[in-house]
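Asks:
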């Protein structure tokens, strides 16, 4: 019995240690570089960090590893002393959990890891803006980007950064951590758009049938207002996607791109989801003509 208890205790300790070792959270800021090889260069992020900032480091542990230098060598580099407009090297002066670069054919993916998502969001909320620097292995700065936002709105943070060396263009995309209510509402609107257009079609068919049998004041304005209901899921979806585009600094056309993506590029399916729009217009015009005849 005692032997079993000892073995069980050892296994429990080993399992706990393994779990704790695997719980070191890391959250990446990703920079994708294309256009030419960067085998002999690396990417750094510049933050507006002051020397009296509580997060300011004279030199981080990752800096020497990435530059393959002793600390004294790092301190002699251009990157170490760089402070244009208050922007300093994140690699050197801010704590990182890791730095990784993966090379491809004329491409590279660089990840600067912070200690978990909370550390990442706190950094974004604190510094608000950043720049990207391309640096050679001697610590010389080859290129510095314009200023970008780390966070555009509350809950919206930088996601991926793309740099095309052939054109010198930087593109920054953002991720919006929406509330559960907004996410559920969008999903409900997407589902409703599968059935609602057919309801609008059947409603129009009913009006046509009634009108052919009874020549009355059909449709009227009240009927046209009823056809606003099938429009609601479509309008709600578009509004939510426009909100997403605005808050993530994307062009408003992204809302339409997202809508067409629902149909997987199928034009007929996209047109089906839009059916409530022409039906509402048709019924409204018809009702207006009837009213004018009275």
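Residue numbers (this note's numbering): 2 to 295.
No residue lacks a Cβ here, since even glycine has one placed at the ideal position from N, Cα and C.
None of the values given here were measured: they were computed from a predicted structure.
Closer than 7 Å: is that where the CB of residue 249 sits relative to any heavy atom of the ligand NAD?
Replies: Absence of the ligand NAD from the depicted structure is noted, as is the absence of any ligand whatsoever, leaving it without description.
Asks: Give me the Cα-Cα distance between residue 279 and residue 294, rounded to the nearest whole angstrom.
Replies: Rounded to whole angstroms, residue 279 to residue 294 spans 23 Å at the Cα level.
Asks: For the putative contact between residue 125 and residue 152, defined by C-beta atoms under 8 Å, what is the C-beta separation to the nearest angstrom?
Replies: Residue 125 to residue 152, Cβ: 4 Å. Contact.
Asks: One question on the structure: do residue 100 and residue 113 come within less than 8 Å of each other, judged by their Cβ atoms?
Replies: For residue 100 and residue 113, yes; Cβs fall inside 8 Å.
Asks: Examine the Cβ distances between the region 167–187 and the region 212–228 and report whether three or more of them are shorter than 8 Å.
Replies: The region 167–187 is not in contact with the region 212–228.
Asks: So is residue 90 buried or exposed if we call it buried at 16+ other beta carbons inside 10 Å?
Replies: Residue 90 should be labelled buried.
Asks: Starting from residue 215, follow its DSSP beta bridges and name the residues at the other end.
Replies: Answer by DSSP bridge pairing: none, since residue 215 is not bridged.
Asks: Among the candidates 195, 199 and 174, whose CA atom is the shortest distance from the CA of residue 30?
Replies: The option with the nearest alpha carbon to residue 30 is 174.
Asks: Given that a residue counts as buried once 16 or more other Cβ atoms are within 10 Å of its Cβ, and exposed if not, what is residue 85?
Replies: Counting Cβ neighbours within 10 Å, residue 85 comes out exposed, since fewer than 16 surround it.
Asks: Quick check on the burial criterion: 16 or more other C-beta atoms within 10 angstroms. Buried or exposed for residue 128?
Replies: Classification for residue 128: buried.
Asks: In angstroms with no decimal places, state the Cα-to-Cα distance between residue 140 and residue 256.
Replies: Cα to Cα, residue 140 sits roughly 42 Å from residue 256.
Asks: So residue 201 and residue 276 are supposed to be a Cβ contact under 8 Å. How far apart are they, rounded?
Replies: Confirmed, about 6 Å.
Asks: Between the alpha carbons of residue 195 and residue 228, how many angstroms are there, rounded?
Replies: Taking the straight line from one Cα to the other gives about 16 Å.
Asks: Please name the residue in 108, 180, 137 and 48 whose C-alpha comes closest to that of residue 164.
Replies: Cα-wise, what sits closest to residue 164 is 108.
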